[in-house]
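J.: Supplied in structure tokens, the structure appears directly below.
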Amino acid sequence: MNNAFWNRMAVVVGLFLGFAGVMHFVSPQFFNDIVPPWLPPSESFWTYASGVVELVVAYLLLRPSTRRVGAIATIWLLIGVYPANLYMAWDWRNEPLSDQIVSYGRLPFQFLFIWVAWKIAQAHSDADKPKAPGDI
6 MNNAFWNRMA VVVGLFLGFA GVMHFVSPQF FNDIVPPWLP PSESFWTYAS
56 GVVELVVAYL LLRPSTRRVG AIATIWLLIG VYPANLYMAW DWRNEPLSDQ
106 IVSYGRLPFQ FLFIWVAWKI AQAHSDADKP KAPGDI
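For the sequence shown, the positions run 6 to 141 when our numbering is used.
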């Protein structure tokens, strides 16, 4: 697949993360409920902190000049929130089947998401190379 495809994927992932980041502030209770309660200092702290990180990473992905950094940051973000998805799958084990499907479906989806971010980073490996004066 060519760089144009991965550029489009970077925009898709960036928009997805941007939407998710906004939702942390619009509907924080949903996100509070999936944060492991034993994680200090509080569920709300992690909800808002991860929302801010998602918005920053989305911005990095949407800017062509920071796309590689954004893709690598996406990988670290997804690794960082994986424990919340594991907790959600365990916590929702007695919920209706449709909720269980969502919670378990997030687990393998996250690995696909990491792979896509990795491919975006690879497609933009020349982003860190020095450019000629006047290049933007």
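Backbone N, C-alpha and C fix where the C-beta goes; we use that ideal spot for every residue, glycine too.
(1) Which one of 9, 37, 73 has the shortest CA to CA distance from residue 130?
(2) On the criterion of 16 or more Cβ atoms from any shown chain inside 10 Å, does residue 75 qualify as buried, or is it exposed?
(3) Taking buried to mean at least 16 other C-beta atoms within 10 Å of its own C-beta, is residue 36 buried or exposed?
(4) Does the segment 82 to 102 come within contact of the segment 51 to 67, defined as at least 3 CB pairs closer than 8 Å?
(5) State the Cα-Cα distance for the pair residue 97 and residue 49, rounded to the nearest angstrom.
(6) Using DSSP with H/G/I as helix, E/B as strand and the rest coil, what is residue 125?
(7) Counting only the same chain and skipping the five closest in sequence on each side, list residues whose C-beta sits under 8 Å from that of residue 77.
(8) Taking the C-alpha atoms as reference points, what is the distance between residue 108 and residue 25?
T.: The relevant details are as follows:
(1) 73
(2) buried
(3) buried
(4) yes
(5) 19 Å
(6) helix
(7) 122, 126
(8) 16 Å
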